[in-house]
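What follows is a set of notes on a single structure, which appears directly below.
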Amino acid sequence: MTLKKDRFDPHTSFFDLAIVRISFGALSFLALIALSVIIIMSNLKPNFSYEGFNLFLIIFRFPIGLLALLIPVVAVLAANHRSAQTKEQMRLTKKQIKKTQKQIKITTENNAFSNYFKHSEEFEKHIKPRTLEIGITSKNPRKLHRILFPDAKQGVFHISKPTLEKIDADLEIILQASNAFSDSKIMERGTKFLYSIMSSLPTKYNFDNPTINKDIAQEFGTNSANQMIIQAINNFARSIIAALEFDEKSVPTDLLRALSEFNYNTLRHTPLNFKEGVLTFNLRDEVRQIVERYQAEAKMAQTYNQEISASA
């Protein structure tokens, strides 16, 4: 007998299954037919002694055997029914799990989407007054937010190391072009190129620097023009730091801090670097010295903390 899956509907009770009822009916009917044939074709007389009961079992063992078949048949059918119910329960469980996972995903995406816009809105409130204090305007804080927090839509609201590395790479472009400050022969041409960098680079971060974007009144290669360019670099670095401060756990790189703190007016004039009224200097060396000071201060602080811990 071939047992079809639809004969074991897991949603139907066992004794309501058609195959169970047919099996009961068929075997009972056959047993009844066999019993009737034996009674009709045999010359039987009632005997209620033990011999009569023993003889009854012998005479009617075929119909009794047919009825006895109901036990293994029912067991097989019940096992198949339980198997179908188990499979159905597993299917429903998997379906519910997928549904729950889908709901969790939708909820998570909705929360991330909502948190993203809330984070972007708060960032805009943070950056606008800070940049105005510095003297730079943030033209589109939302675009700056996407640059600093590229994974914010996925719920990542911190400044990543790759983001800081990209900022340092842009600062390195400034340092490379700043070699023009150290050589009076190429200063005019080189500072003009650096000026163009400082006109375009802040735009990448959606900053508008009025100092650098206005028509330059000084000639390139002069102290006043150089000072103006350095001020533009200072303001750009300070604006980036102001944006990074929105992430309380973010720490600006030493290079970024050094460029924000470098002061053109502190440069010493010596016979070697001040000739024909023009001051030359190596911005990379000046920045390196500031970075080395940061590192020395950090090392001293670490040593001090270790000594305090050891004495406690």
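In numbering that gives the first Met the number 0, the protein residues as written are 0 to 311. From the three backbone atoms N, C-alpha and C, an ideal C-beta is built for every residue, glycine too. Note that the structure is a prediction, hence the values are computed from the model and not measured.
Under the three-state reduction of DSSP, phenylalanine 206 is assigned to strand.
The region 63–76 and the region 93–106 do not touch, with fewer than 3 CB-CB distances between them shorter than 8 Å.
Fewer than three pairs of CB atoms, one per stretch, sit closer than 8 Å, so the region 123–138 makes no contact with the region 184–191. Residue nearest to isoleucine 133 within the set Ser238, Glu171 and Asn42 is Ser238 (criterion: CA-CA distance). The residue among Asn42, Gln230 and Glu87 with its C-alpha nearest the C-alpha of methionine 197 is Gln230. DSSP, read as helix, strand or coil, puts lysine 274 in strand. Under the three-state reduction of DSSP output, threonine 190 falls in the helix class. Taking 8 Å as the cut-off, the Cβ atoms of isoleucine 172 and asparagine 234 do not count as close. Apart from sequence neighbours up to five positions away, the residues of its chain that approach glutamate 218 with a beta-carbon distance below 8 Å are Glu187 and Ala224, ordered along the chain.
Taken through DSSP and simplified to helix, strand or coil, threonine 302 comes out as helix. A straight line joining the alpha-carbon of proline 128 with that of proline 140 spans about 11 Å. Burial check for methionine 227: the Cβ neighbour count within 10 Å reaches 16 or more, so the residue is buried. For glycine 24, the enclosing alpha helix (DSSP H) stretches over residues 17–40.
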